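Heads up: the protein sequence lines correspond to chains A and G, in order. If you're matching positions, the first sequence starts at 1 in the working numbering and goes up one per residue. If you're matching positions, the second sequence starts at 157 in the working numbering and goes up one per residue. Cβ coordinates follow ideal geometry from the N, Cα and C atoms, glycine included. No experiment lies behind these values; they were computed from the predicted model shown. A quick write-up on the structure given underneath.
Number of protein chains: 2
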Amino acid sequence: MTKPVGFDPKSLPESNSTSYPEPWRTQAAKRWNRRVGDHGGLKNFGVNLTRIEPGGVSSQRHWHLKQDEFVYVLEGEAVMITDAGEKLMKPGMCACFPAGAKNGHHFLNRTSKDVLLLVVGDRTPGDSGEYPDIDMTVALQPDGSFRFFRKDGTPY
Amino acid sequence: MTKPVGFDPKSLPESNSTSYPEPWRTQAAKRWNRRVGDHGGLKNFGVNLTRIEPGGVSSQRHWHLKQDEFVYVLEGEAVMITDAGEKLMKPGMCACFPAGAKNGHHFLNRTSKDVLLLVVGDRTPGDSGEYPDIDMTVALQPDGSFRFFRKDGTPY
Numbered sequence: 001m002t003k004p005v006g007f008d009p010k011s012l013p014e015s016n017s018t019s020y021p022e023p024w025r026t027q028a029a030k031r032w033n034r035r036v037g038d039h040g041g042l043k044n045f046g047v048n049l050t051r052i053e054p055g056g057v058s059s060q061r062h063w064h065l066k067q068d069e070f071v072y073v074l075e076g077e078a079v080m081i082t083d084a085g086e087k088l089m090k091p092g093m094c095a096c097f098p099a100g101a102k103n104g105h106h107f108l109n110r111t112s113k114d115v116l117l118l119v120v121g122d123r124t125p126g127d128s129g130e131y132p133d134i135d136m137t138v139a140l141q142p143d144g145s146f147r148f149f150r151k152d153g154t155p156y
Numbered sequence: 157m158t159k160p161v162g163f164d165p166k167s168l169p170e171s172n173s174t175s176y177p178e179p180w181r182t183q184a185a186k187r188w189n190r191r192v193g194d195h196g197g198l199k200n201f202g203v204n205l206t207r208i209e210p211g212g213v214s215s216q217r218h219w220h221l222k223q224d225e226f227v228y229v230l231e232g233e234a235v236m237i238t239d240a241g242e243k244l245m246k247p248g249m250c251a252c253f254p255a256g257a258k259n260g261h262h263f264l265n266r267t268s269k270d271v272l273l274l275v276v277g278d279r280t281p282g283d284s285g286e287y288p289d290i291d292m293t294v295a296l297q298p299d300g301s302f303r304f305f306r307k308d309g310t311p312y
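Now the structure itself:
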């Protein structure tokens, strides 16, 4: 099977779907993903072109136990929130979130223009993660889906 | 240990070192890498900011057996060579090279300005690869180094 080689990722359809339970599902509505790596046949890591509309947020603040994450700012200005506080991220800046570093992070768009991020994460099995600001944890399932739990272990 | 979160990858030092044997070592001299993911503490995949000077080439044309590769053009115009021929890659375009797809690829800079690529590859152990245009194969070693062989199996 010949997979496409060499394309404009902006030509792909985008989706604001999320597996978050409410109320975080609704809060994710201004974040749109284009699944660039999937389109190109990559399996070992995912590559998303993530567009955050004004007032939107990339995700709930989170960290991964086993998976690395990389974010590169392509367009617009985002505010990155980590345990260290806020940092303005301009085009050409990037951030690395190594697996197991319990430094929850996400990106906000407080401007009036779209933010465009290139987001890479590997697919190491058995990943889990935590959301420091809300009562939620996540566990990657063997089928690739995510299950969400309260911090007392009860499922959403 | 606190790793840096949020930085300008252009602030990192760059190197044109390569593990290629001659004569391909010399031909790699116009390709400069900044090891962005390593700097940020990532281990599951590598992220390089790769600068190709005018007249330079990203690598010898190659494919990977077990590792996925992703390339995003940040600046300049590169000519991508694959089994399908040449393709002009402008800023904002990307290419995916899934593990095991025996479609050798590399990027040439035929312009008078630098080409800047963001290159991501995972680190699945036991990777190997082949160079369709030259008498060379490569095998990733358990220590993370590369060993190069002629196609009759004799080492370089």
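Need the endpoints of the alpha helix (DSSP H) that residue i sits in, please.
| i | result |
| --- | --- |
| Asp38 of chain A | Val36 to His39 |
Within 10 angstroms of its Cβ, does residue i collect 16 or more other Cβ (buried), or is it exposed?
| i | result |
| --- | --- |
| Glu231 of chain G | exposed |
| Leu296 of chain G | buried |
| Thr26 of chain A | exposed |
| Glu242 of chain G | exposed |
| Ala240 of chain G | exposed |
| Ala95 of chain A | buried |
| Leu244 of chain G | exposed |
| Thr50 of chain A | buried |
| Ala101 of chain A | buried |
| Asp308 of chain G | exposed |
| Asp278 of chain G | buried |
| Ser214 of chain G | buried |
| Gly6 of chain A | buried |
| Glu178 of chain G | exposed |
| Thr224 of chain G | Before going further, note that residue 224 of chain G is Asp rather than Thr in the sequence given. Classification of Asp224 of chain G: buried, given that the 10 Å Cβ count is 16 or more. |
| Ala185 of chain G | exposed |
| Thr154 of chain A | exposed |
| Pro165 of chain G | buried |
| Arg61 of chain A | buried |
| Pro254 of chain G | buried |
| Arg150 of chain A | exposed |
| Gly374 of chain G | Nothing about residue 374 of chain G can be read from this structure; chain G reaches only from 157 to 312. |
| Gly282 of chain G | exposed |
| Gly104 of chain A | buried |
| Gly40 of chain A | buried |
| Gly144 of chain A | exposed |
| Arg190 of chain G | buried |
| Arg187 of chain G | buried |
Report yes or no: is there a C-beta of chain A within less than 8 Å of the C-beta of residue i?
| i | result |
| --- | --- |
| Asp283 of chain G | no |
| Thr267 of chain G | no |
| Asn189 of chain G | no |
| Asn172 of chain G | no |
Name, please, each residue of chain G whose Cβ falls closer than 7 Å to the Cβ of residue i.
| i | result |
| --- | --- |
| Asp122 of chain A | Asn200, Phe201 and Asp278 |
| Thr50 of chain A | Simply none; closest approach about 13 Å. |
Looking at the unbroken beta strand (DSSP E) that takes in residue i, where does it start and where does it end?
| i | result |
| --- | --- |
| Arg207 of chain G | Phe201 to Ile208 |
| Thr174 of chain G | It is not in any beta strand (DSSP E) - Thr174 of chain G carries neither H nor E in the DSSP assignment. |
| Phe148 of chain A | Phe146 to Phe149 |
| Glu75 of chain A | Glu69 to Glu75 |
| Ile81 of chain A | Ala78 to Thr82 |
| His106 of chain A | His106 to Leu108 |
At a CB-CB cut-off below 9 Å, which residues of chain A make contact with residue i?
| i | result |
| --- | --- |
| Phe226 of chain G | Val36, Gly37, Gly40, Leu42, Phe45, Val47 and Val120 |
| Lys243 of chain G | Val5 and Gly6 |
Go ahead and pull the three-state DSSP assignment for residue i.
| i | result |
| --- | --- |
| Arg181 of chain G | helix |
| Lys164 of chain A | Examination of residue 164 of chain A is not possible in this model, given that chain A is present from 1 through 156 alone. |
| Ser128 of chain A | strand |
| Pro155 of chain A | strand |
| Lys90 of chain A | coil |
| Thr137 of chain A | strand |
| Met1 of chain A | Confidence at Met1 of chain A is low in this model, with a pLDDT of 48, below 50, so its placement is unreliable and the value that follows should be read with caution. Looking at Met1 of chain A - three-state DSSP - the assignment turns out to be coil, as it is neither helix nor strand. |
What does residue i reach in chain A if we use C-beta pairs closer than 7 Å?
| i | result |
| --- | --- |
| Pro118 of chain G | This structure does not reach residue 118 of chain G, given that chain G is present from 157 up to 312, and the question cannot be answered. |
Using a beta-carbon distance below 8 Å, is residue i in contact with chain G?
| i | result |
| --- | --- |
| Gln27 of chain A | no |
| Ala99 of chain A | yes |
| Lys30 of chain A | no |
Which residues in chain G have a C-beta closer than 8 Å to the C-beta of residue i? List them in chain order.
| i | result |
| --- | --- |
| Gln67 of chain A | Asn200 |
Chain G partners of residue i, CB-CB under 9 Å?
| i | result |
| --- | --- |
| Met136 of chain A | Per Cβ cutoff of 9 Å: no residues; Met136 of chain A is ~22 Å from chain G at best. |
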